[in-house]
Every structure is written in structure tokens, then in C-alpha cells.
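Student: Pasting a structure below so you can have a look.
Residue numbers (the working numbering): 1250 to 1490.
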């Protein structure tokens, strides 16, 4: 608790390796081929725990996703052996780290950038055709392994065009009329100027990666488009022309 209080007081940035790990006992690590020299180092570092760290899940789209694999055993950070969650977290409080992992019968040294977590969450959202849209939140990438691409449908209002034409919550919009929408700003640019009763073709992706194209007719009179943004003075609503 005291350590976290010091982080808050000093306004320190919290870094994350964006990797979920679990404990693997040393006998299991030996069965997976970890050599005796590393087994000895891990045991001497933590003679009571006698364990290693095994990668279970990686945040999609993060630098770690390009370097690590599920099942990798993390042995050391910047040359220092780590065998606990706290040691791993403390050792990666920096912009990048050299991560030593055991994979396919060999120790690999990987330079991996960490991710700075600001804790602010979603700071911008758009209401369009009765659907509440935002950039994909981090939990999608962390828990579902979904890369943060496209515009996430967080909610839809009953009776709106989104309801009538099947723009359900949980989907991601990745293109508007053949214009790619990798993020919320690209989406706003693509729909700006769409007039009332215009037909818009949406390319969407579901939770399980299935692609579906739907056509939606706008109703700007009853379901106008607007944006809400977090500012220093609170949330601000701005219409989208």
C-alpha cells in the first residue's frame, strides 16, 4: 500500500509488460525441457517457492504480442531472475526491458517495450444512428485477445436505426462505404456530411471474428450524431455535422 501511495504522490507512470503469467512448479518446467543451469538459478532464487513464471495470455496489439508466445517461461528481466508476480511487475517499471524466456529448448533474450497505463479509460465516444461508439477498450485486448482496430459498438438505443438494421453491441465497425475506420477519428471523418435518410454500408466484425456487411439508413432528425469528450471541466457534447 505504501508503495502505491508513493507512486500516486509522485505522479509516476505505471508500466505494464501486457502479459498475464501463472506459476509453474520446477518439476513441470523440467518436463518442458528447461535446462539444469536455469533450474538451479530459479531454485536458489526462491528455494521455498521452487517455481517459474509461464505466459498464459498476452494483450493483443501490444509490443509483447509481437515477441512472446503463450507457454513461454519468463526466467529473468534485464538479467535478474524473477519468480513471482511482484518481481515481474517491479522489474518492468521502465519503457523497455530485456526479457529472458525459455522457448523450444533454448533461452531467448528479447527486448520488449512496455506500455504506460494512464488509468483514464475512455475519454471520447460518439452517438451515431442510435449506437454508442468508442475506440476498443483495453479489456477486449487483454481478456479476448482482440486487437484494438475499428470502432467498438458499446450500446444501442431501442427503436434506433442501429436496432432496426442489426448494428448490435459488441461488434466493431472496420469500414464505412469501403473507407477503412481503424479508429474513432477515422469513423467520424467517414460519416461527416452523411445526410438524413442516406444509406450507409458498414463492414463489421463480431466477437468471434466473423465479418458481416450491413446497410443502415440514417435518421438524423430523431437520431442525430454527436460526440462526447472528456475535458478538464467535465464531459462536453458536440454535434457532428
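Even for Gly, the Cβ is constructed at its ideal location relative to N, Cα and C.
Threshold first: 4 residues or longer. Then list the alpha helix (DSSP H) segments lying entirely within the segment 1313–1385, N to C.
Tutor: Segments of the alpha helix (DSSP H) lying fully in the segment 1313–1385: 1334–1340.
Student: Quick check: what's the CA-CA separation for residue 1479 versus residue 1270?
Tutor: Using only the alpha carbons, I get a separation of about 34 Å.
Student: Would you be able to state if there are at least three C-beta pairs under 8 Å between the segment 1273–1282 and the segment 1291–1311?
Tutor: The segment 1291–1311 is in contact with the segment 1273–1282.
Student: Which whole-angstrom value describes the C-beta separation of residue 1418 and residue 1402, a residue pair presumed to lie in contact below a C-beta threshold of 8 Å?
Tutor: Going by Cβ atoms, the distance from residue 1418 to residue 1402 rounds to 5 Å, so yes, they are a contact pair.
Student: Short of 6 Å in beta carbon distance, which residues of its chain neighbour residue 1468, apart from the five on each side in sequence? Order them along the chain.
Tutor: Closer than 6 Å at Cβ, skipping near neighbours: 1410.
Student: Starting from the N-terminal side, write out each stretch of the beta strand (DSSP E) that is 3 residues or longer and does not extend beyond the segment 1444–1473.
Tutor: The segment 1444–1473 contains these whole beta strand (DSSP E) runs: 1448–1454 and 1460–1466.
Student: Which residues in the same chain as residue 1233 place their Cβ atom closer than 7 Å to its Cβ, once the five residues preceding and following it in sequence are excluded?
Tutor: Lying outside 1250 to 1490, the shown extent of the chain, residue 1233 is not represented and no answer is given.
Student: What residue range is occupied by the uninterrupted beta strand (DSSP E) comprising residue 1484?
Tutor: Residue 1484 -> beta strand (DSSP E) spans 1483–1488.
Student: Is the distance from the Cβ of residue 1472 to the Cβ of residue 1378 below 8 Å?
Tutor: Contact flag set, yes.
Student: Output the distance between the C-alpha atoms of residue 1264 and residue 1335, rounded to the nearest integer angstrom.
Tutor: Going by the C-alpha atoms only, they are around 13 Å apart.
Student: So what does residue 1264 bridge to, in DSSP terms?
Tutor: Paired residue(s): 1365.
Student: Going by DSSP, name the residue or residues bridged to residue 1307.
Tutor: Per DSSP, 1268.
Student: If you compare alpha carbons, which of 1331, 1363 and 1343 is closest to residue 1349?
Tutor: Considering only alpha carbons, the answer is 1331.
Student: Residue 1274 by DSSP, collapsed to three states: which one?
Tutor: Three-state result, residue 1274: strand.
Student: For a cutoff of 8 Å on Cβ pairs, would you count residue 1327 as touching chain C?
Tutor: Reference to chain C is not applicable here, since this structure consists of a single protein chain.
Student: For residue 1259 and residue 1446, what's the separation of their Cα atoms in angstroms?
Tutor: Approximately 53 Å, taken between the alpha carbons.
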